Amino acid sequence: MLQAHGTFYELPALNAKGAIRMRPIATSDTAVHDFCSYRGLLVLSGVSASAAQDDRHIIRSDDGKAAVWVGTADDFWQLGKPRGFGGPWKSSNVTAGKPSDPYLMTGFDKKRITLANHGEVETTITVELDAAGDGRFAAYQSFKLAPGAKETFEFPDWINAYWVRTVSSATTNATAQLTYE
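Residue numbers (our numbering): 10 to 190.
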C-alpha cells in the first residue's frame, strides 16, 4: 500500500510484477498523515476534528481533539474514486527523441492530457502507451504544436493503458500534464 498526494495505491508483490503494476484504489480529500493495519482493520490518522459526526468509521478521543478513520479493506475502496493531476513534463526542457518518464494511467476513469510547446520551434509530441504494464510502449497519437501552442486531448473511455509517456520531435521546452477525474 502506498499513499501519495491523497491517493492510495495497491502495490503488487514482486512476484506479481511489483510497482510497474501498481493501481490506484481511492482518493480522499482527508489529509491522511499516516496509515497502518491493526487487527485486520485499516487505520488512517489525520482526520480533522470537524469531520462528520455521524460517520461510523471515525473514532474520536474522549476529549474530541483526536480522531482516526477505521475500516475494513472493502471500506477503503469507498473513500472516493481515484483522481488526480500531474504529468511527466511541466515547462520542462526536453530533448528531441528522448521519452519522458512514464506516468501512471491505469485505474482512472476520465483521462485528459494537456500538451504545450513553450519553445521557439515547432514540435510534434507523440503520446505513447504501455497497455500491458510490461514496459513496452507504442505510439498512440501525435500532436503538432507550433511555438506557444497548447492542445488538450480527452482519451476515449476504452483506453486503459497502465502507463503513458511523451516524446518530442524537437529539443524544446514543453508541458505534458494529465488530469484524471
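Yeah, the Cβ is synthetic: ideal placement off N, Cα and C, and Gly gets one too.
Quantities reported herein were computed from a predicted structural model and do not represent experimental measurements.
Item checked: Other residues of its chain near arginine 93: CB distance less than 6 angstroms, five sequence neighbours each side excluded -> In the sequence as displayed, the identity of residue 93 is glycine instead of arginine. Thr16, Tyr189.
Checklist line | Pair within 8 angstroms by beta-carbon distance, glycine 95 and glutamine 186 | finding: yes
Checklist line | Rounded Cβ spacing between threonine 104 and serine 178 (contact assumed at less than 8 angstroms) | finding: Not a contact, Cβ separation roughly 11 angstroms.
Check: Should alanine 13 be labelled buried (16 or more other beta-carbon atoms within 10 Å of its own) or exposed?
Finding: exposed
Next item on the list: Pick out the complete alpha helix (DSSP H) segments inside the segment 26-71, 4 residues or longer, and give them in chain order.
Entry: none
Item checked: Pick from Cys45, Ala22, Gln87 that is closest to isoleucine 34, judged by C-alpha positions -> Gln87
Item checked: Close Cβ partners of lysine 90 (< 8 angstroms) along its chain, the five nearest in sequence each way excluded -> Ala35, Thr36, Asp118
Checklist line | Secondary structure, beta strand (DSSP E): runs of 3+ residues fully inside the segment 93-133 | finding: 93-103, 120-126
Margin query: Can you tell me whether leucine 138 is helix, strand or coil according to DSSP?
Written below: strand
Next item on the list: Return helix, strand or coil for leucine 191, following the three-state DSSP convention.
Entry: Nothing about residue 191 can be read from this structure; the chain reaches only from 10 to 190.
Notebook entry, point to check: By Cβ distance below 6 angstroms, which residues in the same chain neighbour valine 52 in space, the five residues on each side in sequence not counted?
Noted result: Cys45, Val77, Val79
Margin query: Using only CA atoms, which one of Leu113, Phe152, Asp43 lies nearest to arginine 174?
Written below: Leu113
Check: Tell me which same chain residues have a C-beta within less than 6 angstroms of the C-beta of methionine 10, skipping the five on either side of it?
Finding: none
Item checked: Beta-carbon spacing of glutamate 131, proline 156 below 8 angstroms -> yes
Checklist line | Reference aspartate 143, options Arg30, Gly116, Ser151, closest by Cα | finding: Arg30
Checklist line | Residue(s) in a DSSP beta bridge with threonine 188 | finding: Phe94, Arg121
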